[in-house]
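Student: Before we start, here is the structure in question, set down as structure tokens.
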Amino acid sequence: MDKHAAALIIEEIGTLMELQGENPFRARAFYNAARALEQVEGEFDALVAEGKLEQVRGFGPATIAVARELAETGASSVHHELRSRTPDGLFDLLRIPGLGAKRVHLLHTQLGVESLDDLERAAEEDRIASLPGFGQRTQAKLLEGIAYLRSQMGRSRQPEAWAIAAALTEFLCARAGVVRVEIAGELRRRLETVRGVDVVAVVSEQAAPVITAFLEIPGARGGERVGASGARVRLGDGIEARLTCVPPDAFAAALLYATGSDAHVAAVVARAEAQGYRLNEFGLWRGEERVPVSDEATLYRVLGLDYIEPELREAGFEVALAAEGGLPTLVALTDLRGCFHCHTSYSDGRASLTEMAMAAKARGWRYLGIADHSRAAAYAGGLSVEQIERQHAEIDAWNAEHGHELWLFKGMETDILPDGRLDYADEEDVLGRFDYVVGSVHSSFSLSEAEMTQRIIRAMEDPHLTLLGHPTGRLLLGREGYPIDMDAVIDAAADAGVGIEINANPNRLDMDWRHWRRAKERGILTAINPDAHSTQGLGDVEYGIGVARKGWLTAADVINTWPLDEVRRHFAEGRRR
DNA sequence: GCCGTTTTCGGCCCGACTGTTTTCAGTCG
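Numbered per my numbering, the first sequence spans residues 20 to 596.
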């Protein structure tokens, strides 16, 4: 069994225990074991077979028994038994802000609530407010949370969607007659969350056998045909996958249509008409004759347009700009030379400073900014002044020995306190010891929009602040960001010369791409920051690249594409601000 | 359930906030 899959099951045992109202510390033991498993080196089956788990901190007799059963049979009877007496709907309830396992358990046992629908009914019938620990305000907030979850239903975050897309591509490429498979739709446009995965397959002969195979892909359910050449199924956690099969000469038009957006396609169709062509999802036509276009780039070129990257295909006005050669050269993953927001085991990161540095070097990066939590973030092991000094000594030692290969910057993710001061700000010259400072909000989310905006603007007045971290605090599919006047924040950042990060964690993708064109016009710089808590987490920069590209950003707009010397100069100038 | 001992039970990341309470449980980051 795959280590990650095993860890997920062990973790779910913990969640199920909590939902069943068991001792929360017992549940935590399973969470700890799952986390320990993710960190330990080696293949899962070998770890179990060689008895190596016995030495792993966090594993004891009960968790080892589960691991052994998973390795031998691929399933866990403990997990199965808990799962069978826990309604699936309770997992959805956990996603509502303000509801944890205790309260879900109470709602379940006291009111028989087993799903979002049940909860909504109970709240509307005013049955929740009278439960111990609940009240009118909580009841109203739950209804808000349900409405938000409903609005996000059927959507998936990028990692899950890309995993499905990769598996689908591999599966389809192996079918006879399939010559090419491309991901399309919202995923190709790199939207922060997507409603399903769209795939276009070029088939050399009959589409029917490919569609039949698609409908019978392992794990598929609820499959149905769409017209003569398409089908949809549900895969994984219920994410919808849609397939369109086309002959080679229809590929370019079909991919354009399947990629969208509707507004973009409409603008391209209008452009085609203006140029004396007719465009539909089966091809490009002049009169009754098909115009041969082998791929999208050719299709755009025939219409007198520069190639329009999928990320730019949203509102439709990009088509007019493409006609004038007015599109930017978008930043790409290969442009990155480092990043400025990652955590180490000094605070809540899983990897040591050295491990993070080596991982950055292995990615071919030239520098890495370490930004652990500040003291106010006590839950995350925020650093005391003594720990900062120790970390800085370690960074100096690394740079002395390895700085010519990978330079480490001394950074900090400093809490923006409720009144807008930066953590450590009233202590003599603590913030001045860093090369740069990322300021983030981690507490007091329920301020009003005016207060929150003021809080952040005040933080930007502190000359130590280099970058604003995840500016809305949103968690995709989980929690809306706190209310904030982003236009005012952008203006204040521009005035203060503070950059705004693109937090590349796929749960955040914050600041949102929709704000970046305006921010760029105001001259605001960004850094694509993975907010990594592990060595693998550094790879999340890929999702941030998607945001930057959707925001029309070029490499020049993104500080972590700059050469080391330029970054140093930029930080030094910030210091003198 | 696991850990770590002042070695066999008591504590478990920790402080703030919120909405309940009328002194605190639950949630969150």
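Note that beta-carbon positions come from the ideal geometry of N, C-alpha and C, so glycine has one too.
Closest to L162 by C-alpha separation, out of T128, D442, L118, would be which residue?
Tutor: Residue numbering aside, residue 162 sits at position 143 when the first sequence is read from its first letter. The residue with the shortest Cα to Cα distance from L162 is L118.
Student: Pull up the distance between the alpha-carbon of V67 and that of D559, whole angstroms please.
Tutor: Reading the first sequence from its first residue, position 48 is the one you call residue 67. Reading the first sequence from its first residue, position 540 is the one you call residue 559. Near 30 angstroms, if we compare the C-alpha coordinates of D559 and V67.
Student: Give every residue of the same chain whose Cβ lies closer than 7 angstroms to the Cβ of V508, excluding the five residues on either side of it in the sequence, and list them in chain order.
Tutor: Here residue 508 refers to the residue found at position 489 of the first sequence. Once the five neighbours on either side are set aside, the close Cβ partners of V508 are T472, I475, I476, P490.
Student: Ends of the alpha helix (DSSP H) at W535?
Tutor: Locating residue 535 in the first sequence gives position 516, where the first residue counts as 1. Counting along the chain, the alpha helix (DSSP H) containing W535 begins and ends at 535-540.
Student: Return the residue from the list Y398, M479, T263 that minimises the CA-CA distance to S366.
Tutor: Locating residue 366 in the first sequence gives position 347, where the first residue counts as 1. When only C-alpha atoms are compared, the closest one is Y398.
Student: Could you tell me whether the Cβ atoms of V213 and R174 are closer together than 8 angstroms?
Tutor: Here residue 213 is taken as the residue at index 194 of the first sequence, counted from 1. Here residue 174 is taken as the residue at index 155 of the first sequence, counted from 1. For V213 and R174, yes; Cβs fall inside 8 angstroms.
Student: Quick one, which of A227, G242, P228 has its alpha-carbon nearest L234's?
Tutor: Counting from one through the first sequence, the residue named residue 234 turns up at place 215. It is G242.
Student: I'd like to know if the region 508-527 and the region 563-573 are in contact, where contact means that at least 3 CB-CB pairs between them fall below 8 angstroms.
Tutor: At 8 angstroms Cβ cutoff, the stretches touch.
Student: In three-state DSSP terms, what is R305?
Tutor: Counting from 1 along the first sequence, the entry for residue 305 is found at position 286. Correct three-state label for R305: strand.
Student: Could you check which residue in F44, G33, L27 has the C-alpha nearest to that of L56?
Tutor: Stepping through the first sequence from its first residue, residue 56 is reached at position 37. The candidate whose alpha carbon is nearest that of L56 is L27.
Student: Determine the burial state of R261: buried for a count of at least 16 other Cβ atoms within 10 Å of its Cβ, exposed for fewer.
Tutor: Taking the first sequence and counting its residues from 1, one reaches residue 261 at position 242. Buried, because 16 or more other Cβ atoms sit within 10 Å of the Cβ of R261.
Student: Quick test of your reading: G451 and G388, contact by CB under 8 angstroms. State the CB separation rounded to the nearest angstrom.
Tutor: Residue mapping note: residue 451 aligns to position 432 of the first sequence, counting from 1. Residue mapping note: residue 388 aligns to position 369 of the first sequence, counting from 1. Contact doesn't hold; Cβ gap of about 16 angstroms is too wide.
Student: Rounded to the nearest angstrom, what separates P80 and D21 at their Cα positions?
Tutor: Against the first sequence, residue 80 aligns to sequence position 61. Against the first sequence, residue 21 aligns to sequence position 2. About 21 angstroms.
Student: Do L572 and L355 have their CB atoms nearer than 8 angstroms?
Tutor: Position 553 of the first sequence holds residue 572. Position 336 of the first sequence holds residue 355. No.
Student: Taking 8 angstroms as the cut-off, decide whether the C-beta atoms of E432 and A376 are in contact.
Tutor: Indexing the first sequence from 1 puts residue 432 at position 413. Indexing the first sequence from 1 puts residue 376 at position 357. Not a contact, by the Cβ cut-off of 8 angstroms.
Student: Quick check on the DSSP output: the beta strand (DSSP E) that includes D510 runs from which residue to which?
Tutor: What you label residue 510 is simply residue 491 of the first sequence in a count that begins at 1. D510 -> not in any beta strand (DSSP E); alpha helix (DSSP H) instead, spanning 505-515.
Student: Can you have a look at S459 and say buried or exposed, based on whether 16 or more other CB atoms are within 10 angstroms of its CB?
Tutor: Within the first sequence, the letter at position 440 stands for residue 459. Buried, since its Cβ has 16 or more Cβ neighbours within 10 Å.
Student: Taking only three categories from DSSP, how would you classify M479?
Tutor: Along the first sequence, one-based indexing puts residue 479 at 460. It is helical.
Student: Can you tell me which of the three DSSP states D604 falls into?
Tutor: Coverage of the chain is limited to positions 20 through 596, which leaves residue 604 absent and any answer about it impossible.
Student: Report the residue from P311, R253, V287, G401 whose alpha carbon sits nearest the alpha carbon of Y326.
Tutor: Indexing the first sequence from 1 puts residue 326 at position 307. Looking at the Cα atoms, V287 is the closest of the given residues.
Student: Would you identify the three-state DSSP class for C361, choosing helix, strand or coil?
Tutor: Residue mapping note: residue 361 aligns to position 342 of the first sequence, counting from 1. Residue state, collapsed to three classes: strand.
Student: Let me confirm a value: T92 is counted as buried when at least 16 other C-beta atoms fall within 10 Å, else exposed. Which label applies?
Tutor: One-based indexing of the first sequence puts residue 92 at position 73. T92 comes out exposed.
Student: Put I28 into one of helix, strand or coil per three-state DSSP.
Tutor: Here residue 28 is taken as the residue at index 9 of the first sequence, counted from 1. Helix, per DSSP.
Student: Within 10 angstroms of its Cβ, does T128 collect 16 or more other Cβ (buried), or is it exposed?
Tutor: Looking up residue 128 in the first sequence gives position 109. Classification of T128: exposed, given that the 10 Å Cβ count is below 16.
Student: For the putative contact between T263 and G249, defined by C-beta atoms under 8 angstroms, what is the C-beta separation to the nearest angstrom?
Tutor: Numbered from 1 along the first sequence, position 244 holds the residue referred to as residue 263. Numbered from 1 along the first sequence, position 230 holds the residue referred to as residue 249. Yes, T263 and G249 are in contact; Cβ-Cβ is about 5 angstroms, under 8 angstroms.
Student: Under DSSP, the alpha helix (DSSP H) around A55 begins and ends at which residues?
Tutor: In the first sequence, residue 55 corresponds to position 36, counting from 1. Note, A55: alpha helix (DSSP H), 43-58.
Student: Buried or exposed: which applies to D584, given that a residue is buried once 16 or more other Cβ atoms fall within 10 Å of its Cβ?
Tutor: Position 565 of the first sequence holds residue 584. Counting Cβ neighbours within 10 Å, D584 comes out exposed, since fewer than 16 surround it.
Student: Would you kindly work out how many angstroms separate the C-alpha atoms of L191 and V216, rounded to a whole number?
Tutor: Against the first sequence, residue 191 aligns to sequence position 172. Against the first sequence, residue 216 aligns to sequence position 197. Near 14 angstroms, if we compare the C-alpha coordinates of V216 and L191.
Student: Let me know the secondary structure DSSP gives Y5 once reduced to three states.
Tutor: The requested residue 5 does not occur in the structure, where the chain is confined to residues 20 to 596.
Student: Report yes if the C-beta distance between R440 and L494 is below 8 angstroms; otherwise report no.
Tutor: Start at 1 with the first residue of the first sequence, and residue 440 comes out as number 421. Start at 1 with the first residue of the first sequence, and residue 494 comes out as number 475. Result no, Cβ atoms of R440 and L494 do not sit closer than 8 angstroms.
Student: With burial defined as no fewer than 16 other Cβ atoms inside 10 Å of the residue's Cβ, what is the status of L352: buried or exposed?
Tutor: The residue labelled residue 352 in the question sits at position 333 within the first sequence. With fewer than 16 other Cβ atoms within 10 Å, it is exposed.
Student: How big is the Cα-Cα spacing for E561 and E88?
Tutor: The residue you call residue 561 lines up with position 542 of the first sequence. The residue you call residue 88 lines up with position 69 of the first sequence. Computed Cα separation, rounded: 36 angstroms.
Student: Can you pull the DSSP bridge partners for C264?
Tutor: Within the first sequence, numbered from 1, the residue matching residue 264 stands at position 245. In DSSP, C264 forms a bridge with A220.
Student: Could you pull the DSSP bridge partners for W426 from this structure?
Tutor: Working through the first sequence from its first residue, we reach residue 426 at position 407. W426 is bridged to Y386.
Student: According to DSSP, G570 sits in a beta bridge with which residue or residues?
Tutor: Taking the first residue of the first sequence as position 1, residue 570 is located at position 551. The partner list for G570 (beta bridge, DSSP) is empty, contrary to what the question assumes.
Student: According to DSSP, simplified to helix, strand and coil, what is M431?
Tutor: Within the first sequence, numbered from 1, the residue matching residue 431 stands at position 412. M431 falls in the strand class under three-state DSSP.
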